[in-house]
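Asker:
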Amino acid sequence: GIYGAYTLGANNVANSVGVFVKAGMVSSTTAAIIGGLSIGLGVLTFSKRVMMTVGKKITNLSDFAALIAVLGQDLTVHIFTWVGVPVSTSQAIVGAVMGVGFVRSSKSLNLKVLANIGLGWLSTPTSSLIIALILLKLHSLLF
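Numbering (the numbering used here), first residue to last: 65 to 207.
Printed below as a string of C-alpha coordinates:
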(Lines of atoms letter the chains of each structure in order from A and count residues from 1; the text may use other names and numbers.)
(Lines give C-alpha, C1' and ligand atoms only; values in the text may rest on other atoms or scores of the structure.)
Protein backbone atom coordinates (compact mmCIF):
# COMPACT_ATOMS: atom_id res chain seq x y z
CA GLY A 1 0.00 0.00 0.00
CA ILE A 2 2.61 2.57 1.00
CA TYR A 3 4.94 1.63 -1.86
CA GLY A 4 1.97 1.74 -4.25
CA ALA A 5 1.03 5.22 -3.04
CA TYR A 6 4.64 6.28 -3.57
CA THR A 7 4.77 4.97 -7.15
CA LEU A 8 1.34 6.46 -7.88
CA GLY A 9 2.57 9.83 -6.69
CA ALA A 10 5.86 9.51 -8.53
CA ASN A 11 4.26 8.66 -11.87
CA ASN A 12 0.62 9.65 -12.03
CA VAL A 13 0.68 12.96 -10.18
CA ALA A 14 3.31 14.06 -12.68
CA ASN A 15 0.96 13.04 -15.50
CA SER A 16 -1.84 15.16 -14.08
CA VAL A 17 0.00 18.30 -13.03
CA GLY A 18 3.12 18.29 -15.18
CA VAL A 19 1.46 20.34 -17.92
CA PHE A 20 0.85 23.18 -15.44
CA VAL A 21 4.50 23.18 -14.40
CA LYS A 22 5.66 23.21 -18.03
CA ALA A 23 3.28 26.11 -18.76
CA GLY A 24 4.85 28.06 -15.88
CA MET A 25 1.57 28.28 -13.98
CA VAL A 26 2.89 26.67 -10.78
CA SER A 27 6.18 25.39 -9.40
CA SER A 28 6.87 21.68 -9.34
CA THR A 29 6.58 21.69 -5.54
CA THR A 30 3.19 23.42 -5.60
CA ALA A 31 1.99 21.07 -8.34
CA ALA A 32 3.10 18.03 -6.33
CA ILE A 33 1.27 19.26 -3.23
CA ILE A 34 -1.92 20.03 -5.16
CA GLY A 35 -1.71 16.67 -6.95
CA GLY A 36 -1.14 14.74 -3.74
CA LEU A 37 -4.04 16.43 -1.96
CA SER A 38 -6.27 15.84 -4.97
CA ILE A 39 -5.41 12.12 -5.00
CA GLY A 40 -6.34 11.97 -1.32
CA LEU A 41 -9.68 13.64 -2.04
CA GLY A 42 -10.35 11.24 -4.91
CA VAL A 43 -9.64 8.25 -2.69
CA LEU A 44 -12.09 9.49 -0.08
CA THR A 45 -14.88 10.24 -2.53
CA PHE A 46 -14.91 8.03 -5.62
CA SER A 47 -12.56 5.07 -5.42
CA LYS A 48 -14.83 2.37 -3.94
CA ARG A 49 -16.36 1.15 -7.23
CA VAL A 50 -12.96 0.88 -8.90
CA MET A 51 -11.58 -0.93 -5.86
CA MET A 52 -14.40 -3.46 -6.04
CA THR A 53 -13.85 -4.05 -9.76
CA VAL A 54 -10.11 -4.60 -9.44
CA GLY A 55 -10.15 -6.32 -6.06
CA LYS A 56 -13.13 -8.64 -6.46
CA LYS A 57 -14.64 -8.73 -9.94
CA ILE A 58 -11.65 -9.67 -12.14
CA THR A 59 -10.83 -12.78 -10.10
CA ASN A 60 -11.01 -13.93 -6.50
CA LEU A 61 -7.82 -12.95 -4.72
CA SER A 62 -6.39 -14.43 -1.56
CA ASP A 63 -4.67 -11.97 0.76
CA PHE A 64 -1.27 -13.18 -0.46
CA ALA A 65 -2.27 -13.03 -4.15
CA ALA A 66 -3.51 -9.46 -3.63
CA LEU A 67 -0.18 -8.54 -2.03
CA ILE A 68 1.73 -10.06 -4.96
CA ALA A 69 -0.49 -8.24 -7.48
CA VAL A 70 0.09 -4.89 -5.78
CA LEU A 71 3.82 -5.53 -5.56
CA GLY A 72 3.88 -6.45 -9.27
CA GLN A 73 2.08 -3.22 -10.11
CA ASP A 74 4.30 -1.12 -7.88
CA LEU A 75 7.56 -2.53 -9.22
CA THR A 76 6.38 -2.11 -12.81
CA VAL A 77 5.31 1.50 -12.32
CA HIS A 78 8.49 2.28 -10.38
CA ILE A 79 10.70 0.92 -13.19
CA PHE A 80 8.89 3.01 -15.79
CA THR A 81 9.09 6.06 -13.51
CA TRP A 82 12.88 5.63 -13.25
CA VAL A 83 13.20 5.87 -17.02
CA GLY A 84 10.75 8.78 -17.24
CA VAL A 85 7.86 7.03 -18.98
CA PRO A 86 4.32 7.91 -17.86
CA VAL A 87 2.30 4.73 -17.48
CA SER A 88 -1.14 3.75 -16.27
CA THR A 89 -1.32 2.36 -12.77
CA SER A 90 -4.74 1.01 -13.73
CA GLN A 91 -3.24 -1.06 -16.52
CA ALA A 92 -0.43 -2.19 -14.24
CA ILE A 93 -2.73 -3.44 -11.47
CA VAL A 94 -5.18 -5.09 -13.87
CA GLY A 95 -2.28 -6.87 -15.57
CA ALA A 96 -0.91 -7.99 -12.20
CA VAL A 97 -4.33 -9.23 -11.02
CA MET A 98 -4.67 -11.14 -14.29
CA GLY A 99 -1.22 -12.61 -13.72
CA VAL A 100 -2.08 -13.98 -10.30
CA GLY A 101 -5.41 -15.19 -11.71
CA PHE A 102 -3.57 -17.09 -14.45
CA VAL A 103 -1.56 -18.93 -11.80
CA ARG A 104 -4.79 -20.58 -10.64
CA SER A 105 -6.40 -20.93 -14.07
CA SER A 106 -7.29 -18.66 -16.95
CA LYS A 107 -10.88 -19.77 -16.31
CA SER A 108 -10.78 -17.95 -12.97
CA LEU A 109 -10.73 -14.61 -14.80
CA ASN A 110 -14.01 -12.78 -15.41
CA LEU A 111 -13.72 -12.11 -19.14
CA LYS A 112 -16.78 -9.84 -19.20
CA VAL A 113 -15.22 -7.53 -16.62
CA LEU A 114 -11.90 -7.61 -18.47
CA ALA A 115 -13.67 -6.76 -21.75
CA ASN A 116 -15.33 -3.76 -20.09
CA ILE A 117 -11.98 -2.61 -18.73
CA GLY A 118 -10.42 -3.05 -22.19
CA LEU A 119 -13.19 -0.96 -23.76
CA GLY A 120 -12.49 1.70 -21.16
CA TRP A 121 -8.81 1.68 -22.05
CA LEU A 122 -9.61 2.04 -25.74
CA SER A 123 -12.21 4.77 -25.29
CA THR A 124 -10.32 6.86 -22.73
CA PRO A 125 -7.67 8.41 -25.03
CA THR A 126 -10.22 8.92 -27.78
CA SER A 127 -12.75 10.52 -25.43
CA SER A 128 -10.07 12.73 -23.86
CA LEU A 129 -8.89 13.85 -27.29
CA ILE A 130 -12.41 14.75 -28.41
CA ILE A 131 -13.30 16.55 -25.18
CA ALA A 132 -10.05 18.55 -25.18
CA LEU A 133 -10.55 19.46 -28.83
CA ILE A 134 -14.11 20.65 -28.19
CA LEU A 135 -13.09 22.64 -25.12
CA LEU A 136 -10.25 24.38 -26.94
CA LYS A 137 -12.50 25.15 -29.93
CA LEU A 138 -15.16 26.56 -27.59
CA HIS A 139 -12.55 28.68 -25.86
CA SER A 140 -11.29 30.06 -29.15
CA LEU A 141 -14.85 30.85 -30.26
CA LEU A 142 -15.79 32.58 -27.01
CA PHE A 143 -12.57 34.42 -26.27
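C-beta atoms are modelled at their ideal positions from N, C-alpha and C, and glycine is treated no differently. Small disclaimer: the values here were computed from a predicted structure and weren't measured.
(1) Does the distance from the C-beta atom of VAL161 to that of ALA179 stay below 8 angstroms?
(2) Using DSSP with H/G/I as helix, E/B as strand and the rest coil, what is ALA156?
(3) Quick one: grab the DSSP three-state call for GLY163.
(4) Closest by CA to VAL147, which one among ALA74, LEU108, ALA69 and ILE66?
(5) Find out if the Cβ-Cβ distance for the pair THR123, SER172 is shorter than 8 angstroms.
(6) Can you list, in chain order, the residues of its chain with a C-beta nearer than 8 angstroms to that of THR117? Leave out the 5 residues immediately preceding and following it.
(7) Buried or exposed: which applies to LEU108, given that a residue is buried once 16 or more other Cβ atoms fall within 10 Å of its Cβ?
(8) Taking one C-beta from the stretch 98-105 and one from the stretch 74-87 each time, how about it: are there three or more such pairs within less than 8 angstroms?
(9) Do GLY119 and ALA130 have their C-beta atoms within less than 8 angstroms of each other?
(10) State yes or no: is the C-beta of GLY68 within less than 8 angstroms of the C-beta of ASP138?
(11) What whole-angstrom Cβ distance do PHE84 and ALA95 have, given they're in contact under 8 angstroms?
Answerer: Taking the structure as given:
(1) no
(2) helix
(3) helix
(4) ALA74
(5) yes
(6) Cβ within range, chain order: VAL177 and ILE181.
(7) Per the 10 Å Cβ criterion, exposed.
(8) yes
(9) yes
(10) Result yes, Cβ atoms of GLY68 and ASP138 sit closer than 8 angstroms.
(11) 6 angstroms
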